[in-house]
Amino acid sequence: MTATVDPRRADKVNRYKPVDSGNQAGVGDDLMPDYMNILGMIFSMCGLMMKLKWCAWLALYCSCISFANSRVSDDAKQVLSSFMLSVSAVVMSYLQNPTPMTPPWQSI
Numbered sequence: 001m002t003a004t005v006d007p008r009r010a011d012k013v014n015r016y017k018p019v020d021s022g023n024q025a026g027v028g029d030d031l032m033p034d035y036m037n038i039l040g041m042i043f044s045m046c047g048l049m050m051k052l053k054w055c056a057w058l059a060l061y062c063s064c065i066s067f068a069n070s071r072v073s074d075d076a077k078q079v080l081s082s083f084m085l086s087v088s089a090v091v092m093s094y095l096q097n098p099t100p101m102t103p104p105w106q107s108i
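UniProt numbering numbers the first residue of the sequence shown as 1 and each following residue consecutively.
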């Protein structure tokens, strides 16, 4: 009987070492939810104040990305308030002018 050869290479094994967050500041921090949260707030304010529907929809898109990428340890109130602000921007822009949205590059 022939012995089967183990295909695993013991010299290529790398053991998992968890990253110590206290040692390396900034490593592993994903700032995209924060950036999308800020962009969502900016676009929703532009949508509310300037009555731009495309800004309001872009704010809703940024808020959804921020909500989807947020961590459990993040402040849920801030993410939820940004999401509700963008929803209110979309609703208010259509309550003020119920006509369908035209692209910004199209002349009326």
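A virtual CB, placed ideally from N, CA and C, is assigned to each residue, including glycine.
If you're wondering where the values come from, they're calculated on a predicted model, not measured in any experiment.
Fill in: Sequence ranges, alpha helix (DSSP H) only - wholly within the segment 59-108, length at least 4
Inside the segment 59-108, DSSP marks whole alpha helix (DSSP H) runs of 4 or more residues at positions 76-96, from first to last along the chain.
Item to complete: Would you mind reading off the limits of the alpha helix (DSSP H) that contains residue 163?
Response: Past the boundaries of the shown model lies residue 163; the chain is included only from 1 to 108, so the question cannot be answered.
Discussion item. If you measure between the beta carbons of serine 73 and glycine 40, is that distance less than 8 Å?
Written reply: Here residue 73 is taken as the residue at index 73 of the sequence shown, counted from 1. Here residue 40 is taken as the residue at index 40 of the sequence shown, counted from 1. It is not a contact, given that the beta carbons lie outside the stated cut-off.
Item to complete: Using three-state DSSP, classify aspartate 11 as helix, strand or coil.
Response: For this step, residue 11 is matched to residue 11 along the sequence shown. Reduced to three states, the DSSP call for aspartate 11 is helix.
Worksheet entry | Cα-Cα separation, methionine 92 to aspartate 29 | Within the sequence shown, the letter at position 92 stands for residue 92. Within the sequence shown, the letter at position 29 stands for residue 29. For methionine 92 and aspartate 29, the distance between alpha carbons rounds to 35 Å.
Discussion item. Check this for me: beta carbons of valine 79 and asparagine 14, under 8 Å apart or not?
Written reply: Here residue 79 refers to the residue found at position 79 when the sequence shown is read from its first residue. Here residue 14 refers to the residue found at position 14 when the sequence shown is read from its first residue. No, the pair does not count as a contact, with Cβ atoms beyond the cut-off.
Fill in: C-alpha gap between alanine 56 and serine 44, whole angstroms
Working through the sequence shown from its first residue, we reach residue 56 at position 56. Working through the sequence shown from its first residue, we reach residue 44 at position 44. Serine 44 has its alpha-carbon roughly 5 Å from the corresponding atom of alanine 56.
Worksheet item: Just how far apart, CA to CA, sit glycine 47 and tyrosine 16?
Response: What you label residue 47 is simply residue 47 of the sequence shown in a count that begins at 1. What you label residue 16 is simply residue 16 of the sequence shown in a count that begins at 1. When rounded, the distance between both Cα atoms is 47 Å.
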